[in-house]
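Number of protein chains: 2
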Amino acid sequence: MLLSATEENYLKYIFQLSEIADENIVKTNDLAYKLEHSAASVTDMLKKLSDKKLVAYKKYYGVSLSKNGKQIAVQVLRKHRLWETFLVKNLKFTWDKIHDIAEQLEHIQSDELIDRMDEYLGHPKFDPHGDPIPDKKGNFSMSNVICLTDAKLKKQYVLANVNDESTAFLKYLNKIQISLQDKIKIVDKEAFDDTMQIIINDKKQITISNDAAKNMFVKVD
Amino acid sequence: MLLSATEENYLKYIFQLSEIADENIVKTNDLAYKLEHSAASVTDMLKKLSDKKLVAYKKYYGVSLSKNGKQIAVQVLRKHRLWETFLVKNLKFTWDKIHDIAEQLEHIQSDELIDRMDEYLGHPKFDPHGDPIPDKKGNFSMSNVICLTDAKLKKQYVLANVNDESTAFLKYLNKIQISLQDKIKIVDKEAFDDTMQIIINDKKQITISNDAAKNMFVKVD
DNA sequence: ATAAAATTTTAAGCGAATCTAAAAATTATA
DNA sequence: TATAATTTTTAGATTCGCTTAAAATTTTAT
Numbered sequence: 000m001l002l003s004a005t006e007e008n009y010l011k012y013i014f015q016l017s018e019i020a021d022e023n024i025v026k027t028n029d030l031a032y033k034l035e036h037s038a039a040s041v042t043d044m045l046k047k048l049s050d051k052k053l054v055a056y057k058k059y060y061g062v063s064l065s066k067n068g069k070q071i072a073v074q075v076l077r078k079h080r081l082w083e084t085f086l087v088k089n090l091k092f093t094w095d096k097i098h099d100i101a102e103q104l105e106h107i108q109s110d111e112l113i114d115r116m117d118e119y120l121g122h123p124k125f126d127p128h129g130d131p132i133p134d135k136k137g138n139f140s141m142s143n144v145i146c147l148t149d150a151k152l153k154k155q156y157v158l159a160n161v162n163d164e165s166t167a168f169l170k171y172l173n174k175i176q177i178s179l180q181d182k183i184k185i186v187d188k189e190a191f192d193d194t195m196q197i198i199i200n201d202k203k204q205i206t207i208s209n210d211a212a213k214n215m216f217v218k219v220d
Numbered sequence: 000m001l002l003s004a005t006e007e008n009y010l011k012y013i014f015q016l017s018e019i020a021d022e023n024i025v026k027t028n029d030l031a032y033k034l035e036h037s038a039a040s041v042t043d044m045l046k047k048l049s050d051k052k053l054v055a056y057k058k059y060y061g062v063s064l065s066k067n068g069k070q071i072a073v074q075v076l077r078k079h080r081l082w083e084t085f086l087v088k089n090l091k092f093t094w095d096k097i098h099d100i101a102e103q104l105e106h107i108q109s110d111e112l113i114d115r116m117d118e119y120l121g122h123p124k125f126d127p128h129g130d131p132i133p134d135k136k137g138n139f140s141m142s143n144v145i146c147l148t149d150a151k152l153k154k155q156y157v158l159a160n161v162n163d164e165s166t167a168f169l170k171y172l173n174k175i176q177i178s179l180q181d182k183i184k185i186v187d188k189e190a191f192d193d194t195m196q197i198i199i200n201d202k203k204q205i206t207i208s209n210d211a212a213k214n215m216f217v218k219v220d
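These protein sequences, in sequence, are chains A and B. Note that numbering that gives the first Met the number 0 has the first sequence beginning at 0, numbered continuously upward. Note that numbering that gives the first Met the number 0 has the second sequence beginning at 0, numbered continuously upward.
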């Protein structure tokens, strides 16, 4: 079944939101916000995707991916993340500039292209933002990553993953000079607003707002 | 001005047809045939492109590119040919499989992407089919290439360029084992149907139909 | 020179993907 | 639990890129 870029995007975002929400049900309004479309458009499209058996959609309740829909969503993510890897590793883009380009490249239709690209890149397991790249069969390498907001004090972590959807945030990370794989230890957390003091690579200490921490994901070192 | 992939395609094909036709005017029907759309659709789109000052369109007469339109067409060709080069040189695609993929990739919107790709490939001057790749400013490296049908008997040529739009033809070239840069000498031409006997690399002699010769372009060795 | 043939345009319409405004259903609150 | 607030759906409209059929124009042939 050949899908439009629009349909692929819907599936991708349903997948991503259902990951976050933890329960599998995604609400119309959340999708509308993510896609920057009206809720009415979303309802329309969900009906179409439902007709194609790509999602299970129940009026006024929400939507979840079918087996087939999920498979497609994961393959779109695979393409997105492989392309991002290529852009950074081979074309020397900085990570704050690749998202929009990968959003376009992920919809190129050719299985052979993406397989060869995967081969060319040496079957990478994670993309430049630290997100796992699903393999051809759709399997992810998962690692025990938690949000920095949920990390414990005084414990040694490494930065494993960052939210890639805000260019402003990625620029901020560049500015304060934190990169993936850097060591992070929380030394203090302000009760009032959850601002935290963290030490990077056992050297510099900096202050991070809760809003920033929400976009950073770490695993134990 | 941001154009749709469809509009970009129209400009690209108008450019290519005007190259062939030699006079700059492209006819509605020729475009319709090339694009595999109805003549009516073409008329519609030509009006739109005319409104945007990308073409000069005169009813019942034909269409030609404006300065701006030509510039865009050439940049689309640049992208197409750089991507084809990448697909063959880096991803090891054979030349008969790249056209459809490059047709998609040529519409990715990012100047930085294509500049970096050009750099990454080492500023190639010709693509895998022998077509010149325009530089960032739109300049082609032209070479004195003529169609094999117009080549003289007994004179030494090399294959400089082939028509890349028919997969069947490219497969045929693979089968008879002719590649770009191979030496070609016409030893005989049948007056009745223009079938020719040619010698490849001073070794094998083969028979080529006029239809095949129409898709092959040579320059003097 | 005129009739026939071919080309091109116009007109009307369709499906996809969006929108806005308003109605309906659900959920939260007093 | 009744009502207010929120969310979601429905209804109707628009734009884009395409179609077919009919009308207009140009080209070709007799």
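Each residue gets a CB set at the ideal place from its N, CA and C atoms; glycine is no exception. Since this is a predicted model, take the numbers as computed values, not measurements.
Buried versus exposed call for residue i [16 or more other C-beta atoms within 10 Å across all chains shown]
i	result
V235 of chain A	In the structure displayed, chain A extends from 0 to 220; residue 235 of chain A sits before or after that span and is not available.
A4 of chain A	exposed
M44 of chain A	buried
E35 of chain A	exposed
Y156 of chain B	buried
Y59 of chain A	exposed
S17 of chain A	buried
K11 of chain B	buried
S63 of chain B	buried
F191 of chain A	exposed
V73 of chain A	buried
8 Å CB neighbourhood of residue i in its chain, flanking five on each side removed
i	result
M0 of chain B	K51
Residue i - DSSP class collapsed to helix/strand/coil
i	result
Q68 of chain B	The sequence shown places Gly at residue 68 of chain B, rather than the Gln named in the question. G68 of chain B falls in the helix class under three-state DSSP.
I185 of chain B	strand
Y59 of chain B	coil
M44 of chain B	helix
I13 of chain A	helix
I24 of chain A	coil
Q176 of chain A	coil
K203 of chain B	strand
F216 of chain A	strand
I19 of chain B	helix
CB contact check: residue i to chain B, cutoff 8 Å
i	result
M116 of chain A	yes
L112 of chain A	yes
Q74 of chain A	no
I100 of chain A	yes
CB contact below 8 Å: residue i versus chain A
i	result
L90 of chain B	yes
L104 of chain B	yes
S3 of chain B	no
I132 of chain B	no
S109 of chain B	yes
Y119 of chain B	yes
Chain-order list of residues whose beta-carbon lies under 6 Å from that of residue i (same chain, five-residue window excluded)
i	result
K135 of chain B	none
L169 of chain A	W94, D95
Close beta carbons around residue i, own chain, < 7 Å, minus the five adjacent residues each side
i	result
L81 of chain A	I113, M116, D117, L120, I132
D29 of chain A	L16
I175 of chain B	I205
F125 of chain B	P131, I132
I177 of chain A	L158, I199
Ranges of the beta strand (DSSP E) found wholly within the stretch 100-168 of chain B, counting only runs of at least 3: Entirely contained in the stretch 100-168 of chain B, the beta strand (DSSP E) runs reaching 3 residues are, in chain order, 155-161.
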